[in-house]
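> Chains A and B are the protein sequences, given in the same order.
If you count the first sequence from 1, position 24 lands on 24 in the numbering used here, and the numbers rise without skipping.
Positions in the second sequence are counted from 1; adding 90 to them yields the numbering used here.
Glycine included, every Cβ here is placed at the ideal spot set by N, Cα and C.
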Amino acid sequence: SPAPMPDQYARGLDWLSRYGYLPPPDPRTSKLQTKDGVERAIREMQRFGGLEETGRLDKDTLNLMQTPRCSLPDIVGSEDMLKRKRRRKR
Amino acid sequence: YALSGLRWDRTDLTWSVHSYPNPSRSTSVFQPDMVKGILTQAFKAWSDVAPLSFRQLSGNDREDMGPGGDIRVSFTRSLHDDGYPFDGRGGTLAHAFFPGRDDVAGDTHFDDDEYWSYGGDSSSTDLFTVAVHEFGHALGLSHSSSDPSIMRPYYQGAVKDISSYNLPLDDRMAIQELYGRKESKPTVHPRGSGSTPSHPRLPSPPPPRPTKHSDRSFQNRCEGGFDAVANIRGEVFFFKGPHFWRMQRTGNLVSLNPALIRNFWMGLPPETNKIDAVYERKSDGIIIFFIGAQYWVFKDNVARPGYPRPLAEWGMSTKDGGKVERVEAAFVWAHNGKTYLFSMGEFWKFDEGRKEEGRKPEGGYPKDAALWRGVPTDPDDIISWGEGDAYFFKDNLYWVMQRGGLDQDNVTPKSIAVDWLRCPHVPTPTPHLPANPHPRGKDCSCDLSR
């Protein structure tokens, strides 16, 4: 049977990490995102997207997250580039 | 605008198309020739404002120019072996890889599950605007938060007339920062002016001029005078004022634009405006920041609790028994694993081992910094780099003390800006090689700060 659909918050966090606003989850460690960190990431995403900075996954924010877009992250870090290289090697 | 830190090292680029939209998922008139025409117009948007040229490779060319030239366009779907799977209709539309020597550099992929169109309505996706955006990535641009900008990450719909499309100012500035300005547009001949057009002899173009950089971040980066330089996890960090630049192991800067120290290094006072020295302790990877008479210990990019603590804990005193007010440079010398701190023309050596508490300098220190012959006695900072060499940084110059050496009399300084921070070469007089001898034969003197 298909896995249950992640909730809106989890999907929001996945979106934020996919596009560089949150560090990607690392399966080797059990790091948790802090509440402040998530709020900061949402604010940054809102600022980048020209939305009001509420720090919450409000309607406008969720709408923007559903807008078709380019796959590249908005915040490009070295981790992302290294990961890409490793994936290609594998 | 934001730059990826990567660019092509030439301006005549080649491109090719490796697959076309699936006819069943695109509008009926979307034939290969039309796709190529739209992509050609998308490249033109960039070559109109920067001295770039894009040549489409034919089948014959491809063997000579490698497998597809610089920018290889394809329409693919779902997983396609590059780490960025597409997700069906909607969601992600396309992506492109930044320039470089990697074999994927410049590759541009469009999601073949989209309904690609040209100037269509909201039920389809406009190929032209998406292609202009993706080619921006393939040329070295990152996503921009500016509005208007074609480099905004979200789909922006179609434009009215692609043949007269002009890039927004934000994107023009970005591409010109990377490749310079386009000096002139090609001459347009009026139609029907005669049977055989006679081409007038055009005047020789003026010699290329370097791009004028007026923005403050360029000046900051290229004029040197860094507060601190550190080799952390094999990357070199250049700190200046409230900002830093970061050079990756590949030799590329993460960005030409600086990052705010307080946004990355968590736990320093928010008003931090100057770092005196930084180094990574090799035994356990902790990172130590010195600011004034205090120091902070970081685990990764977060300060450990209980810091700052007073610099006096390091047990350093000057030769005349005075107090050390600040550390000017700090590094671990790779050839012996010892830590060296510099202040006011003197230096101390530490064997930190694994203990953090109760650190004391080795006996016989401080010593005179002039023992390191041929380099400034008051460096901005020092790192170990390359083959265990010691790199001394001062103003906009750096000196390399080769492995374990202390007394190389002739150490020729080089430019930090050019060699490390991707700045254009500007001849500057150095203490050893004055670039402009005085024209009238008079003596002239150059000090290290010049």
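Is the CB of Ile128/B under 8 Å away from at least one CB in chain A?
Stepping through the second sequence from its first residue, residue 128/B is reached at position 38. Chain A contact via Cβ: absent.
> Just to confirm, are Gly95/B and Val344/B a CB contact at a threshold of 8 Å?
As a working note, residue 95/B is residue 5 in the second sequence. As a working note, residue 344/B is residue 254 in the second sequence. Yes; because the gap between Cβ atoms is below 8 Å, this pair is in contact.
> To the nearest angstrom, how far is the alpha carbon of Tyr205/B from that of Pro111/B?
As a working note, residue 205/B is residue 115 in the second sequence. As a working note, residue 111/B is residue 21 in the second sequence. Straight across, the Cα-Cα distance linking Tyr205/B with Pro111/B is about 9 Å.
> If we count the other Cβ atoms within 10 Å of its Cβ and call it buried at 16 or more, is Gly247/B buried or exposed?
Reading the second sequence from its first residue, position 157 is the one you call residue 247/B. Its Cβ having fewer than 16 others within 10 Å, Gly247/B is exposed.
> Could you give the first and the last residue of the continuous beta strand (DSSP E) run that contains His185/B?
One-based indexing of the second sequence puts residue 185/B at position 95. Segment 182-186, the beta strand (DSSP E) holding His185/B.
> Of the choices Thr362/B, Trp355/B, His333/B, Lys364/B, whose alpha-carbon is the least far from that of Ala349/B?
Residue mapping note: residue 349/B aligns to position 259 of the second sequence, counting from 1. Here the closest residue by C-alpha is His333/B.
> With contact counted as at least three CB pairs below 8 Å, one residue from each stretch, are the stretch 419-437 of chain B and the stretch 389-399 of chain B in contact?
no
> Three-state secondary structure (DSSP) at Thr61/A?
Reading the first sequence from its first residue, position 61 is the one you call residue 61/A. When DSSP states are grouped into helix, strand and coil, Thr61/A belongs to the helix group.
> For Arg56/A, which of Leu16/A, Ile42/A, Leu13/A has the nearest alpha-carbon?
Here residue 56/A refers to the residue found at position 56 when the first sequence is read from its first residue. Per the Cα distances, Ile42/A.
> Is the CB-CB distance between Leu487/B and Arg311/B below 8 Å?
In the second sequence, residue 487/B corresponds to position 397, counting from 1. In the second sequence, residue 311/B corresponds to position 221, counting from 1. Going by C-beta atoms, Leu487/B is not nearer than 8 Å to Arg311/B.
> Check the Cβ-Cβ distances between Thr54/A and every residue of chain B, and say whether any is below 8 Å.
Walking along the first sequence from the start, residue 54/A turns up at place 54. So no, Thr54/A is outside the interface.
> Using DSSP with H/G/I as helix, E/B as strand and the rest coil, what is Asp171/B?
One-based indexing of the second sequence puts residue 171/B at position 81. Reduced to three states, the DSSP call for Asp171/B is coil.
> Going by DSSP in three states, Lys126/B sits in which element: helix, strand or coil?
Working through the second sequence from its first residue, we reach residue 126/B at position 36. Lys126/B falls in the helix class under three-state DSSP.
> List the residues of chain A whose Cβ lies closer than 8 Å to the Cβ of Pro359/B, in chain order.
The sequence position of residue 359/B within the second sequence is 269, counting from 1. Under the 8 Å cutoff, chain A gives no residues; its nearest Cβ is about 18 Å from Pro359/B.
> What does Asp58/A reach in chain B if we use C-beta pairs closer than 8 Å?
Numbered from its first residue, the first sequence carries residue 58/A at position 58. Those do not exist, as Asp58/A stays about 17 Å from chain B at its closest Cβ, beyond 8 Å.
> Asp366/B: which of Ile351/B, Arg416/B, Thr502/B, Gly357/B sits nearest, CA to CA?
Residue mapping note: residue 366/B aligns to position 276 of the second sequence, counting from 1. Comparing Cα-Cα distances from Asp366/B to each of Ile351/B, Arg416/B, Thr502/B, Gly357/B, the minimum goes to Arg416/B.
> Look at Leu543/B and Ile252/B and say whether their C-beta atoms are less than 8 Å apart.
A query on residue 543/B cannot be resolved here, the shown segment of chain B reaching from 91 to 540 and no further.
> Please state whether the Cβ-Cβ distance between Ala195/B and Phe225/B is less than 8 Å.
Taking the second sequence and counting its residues from 1, one reaches residue 195/B at position 105. Taking the second sequence and counting its residues from 1, one reaches residue 225/B at position 135. Not in contact: Ala195/B and Phe225/B (Cβ atoms no closer than 8 Å).
> Whose Cβ in chain A lies nearer than 9 Å to the Cβ of Asp216/B?
For the purposes of this step, residue 216/B is taken as residue 126 along the second sequence, with counting starting at 1. What Asp216/B touches in chain A: nothing, since even the nearest Cβ is about 11 Å away.
> Quick one: is Ser212/B near chain A, going by C-beta distance under 8 Å?
Locating residue 212/B in the second sequence gives position 122, counting from the first residue. No, no contact with chain A.
> Taking any Cβ of chain B, which residues in the stretch 66-77 of chain A have a Cβ under 9 Å from it, in chain order?
Gln66, Thr67, Pro68, Arg69, Cys70, Ser71, Leu72, Pro73, Asp74, Ile75, Val76, Gly77
> Rounded to whole angstroms, what's the CA-CA distance from Val508/B to His515/B? Just pull it up for me.
Position 418 of the second sequence, counting from 1, holds the residue named residue 508/B. Position 425 of the second sequence, counting from 1, holds the residue named residue 515/B. For Val508/B and His515/B, the distance between alpha carbons rounds to 6 Å.
> Identify the residues that DSSP records as bridge partners of Val368/B: which are they?
Your numbering for residue 368/B matches position 278 in the second sequence. Looking at the DSSP output, Val368/B bridges to Phe379/B.
> Can you tell me whether Ala393/B is helix, strand or coil according to DSSP?
As a working note, residue 393/B is residue 303 in the second sequence. Reduced to three states, the DSSP call for Ala393/B is strand.
> List the DSSP bridge partners of Ser143/B.
Reading the second sequence from its first residue, position 53 is the one you call residue 143/B. DSSP, once it has assigned bridges, lists Asp102/B as partnering Ser143/B.
> Who are the Cβ neighbours of Gly478/B in its own chain at under 6 Å, not counting the five residues just before and after it?
To locate residue 478/B, count along the second sequence from 1; it is residue 388. Once the five neighbours on either side are set aside, the close Cβ partners of Gly478/B are Ala424, His425, Arg493.
> What would DSSP say about Arg336/B, mapped onto helix, strand or coil?
The residue given as residue 336/B occupies position 246 in the second sequence. Looking at Arg336/B - three-state DSSP - the assignment turns out to be strand.
> Give the DSSP bridge partners of Arg21/A, in chain order.
Residue mapping note: residue 21/A aligns to position 21 of the first sequence, counting from 1. At residue 21/A the sequence reads Tyr, which differs from the Arg that was named. Per DSSP, none; premise fails for Tyr21/A.
> Hey, how far is the Cα of Thr130/B from the Cα of Phe188/B?
The sequence position of residue 130/B within the second sequence is 40, counting from 1. The sequence position of residue 188/B within the second sequence is 98, counting from 1. Distance between the alpha carbons of Thr130/B and Phe188/B is about 19 Å.
> Please classify Ser232/B as buried or exposed, where buried requires at least 16 other C-beta atoms within 10 Å of its C-beta.
Working through the second sequence from its first residue, we reach residue 232/B at position 142. Buried, because 16 or more other Cβ atoms sit within 10 Å of the Cβ of Ser232/B.
> To the nearest angstrom, how far is it from the Cα of Trp462/B to the Cα of Met406/B?
To locate residue 462/B, count along the second sequence from 1; it is residue 372. To locate residue 406/B, count along the second sequence from 1; it is residue 316. In a straight line, the C-alpha of Trp462/B is about 19 Å away from that of Met406/B.
> Would you list the residues sitting across from Pro491/B in a DSSP beta bridge?
Translated into positions along the second sequence, residue 491/B becomes position 401. The residue asked about is misnamed: residue 491/B is Met in this sequence, not Pro. Under DSSP, Met491/B shares a beta bridge with Ala480/B.
> Within the 8 Å Cβ cut-off, does Gly50/A reach chain B?
As a first step, residue 50/A is located in the first sequence; it is residue number 50 there, counting from the start. Yes, because at least one Cβ of chain B sits closer than 8 Å to the Cβ of Gly50/A.
> Give the range of the alpha helix (DSSP H) segment to which His227/B is assigned.
Your numbering for residue 227/B matches position 137 in the second sequence. It spans 217-229 - the alpha helix (DSSP H) in which His227/B sits, taken as one unbroken run.
> Note down, in chain order, each residue of its chain lying with its Cβ closer than 8 Å to the Cβ of Ser313/B, except the 5 sequence neighbours on either side.
Within the second sequence, numbered from 1, the residue matching residue 313/B stands at position 223. Ser is not the amino acid found at residue 313/B; the sequence shown has Glu there. Excluding positions up to five away in sequence, the list reads Asn486, Ala507.
> Give me the Cα-Cα distance between Gly464/B and Gly476/B, rounded to the nearest whole angstrom.
As a first step, residue 464/B is located in the second sequence; it is residue number 374 there, counting from the start. As a first step, residue 476/B is located in the second sequence; it is residue number 386 there, counting from the start. Those two C-alpha atoms are separated by around 19 Å.
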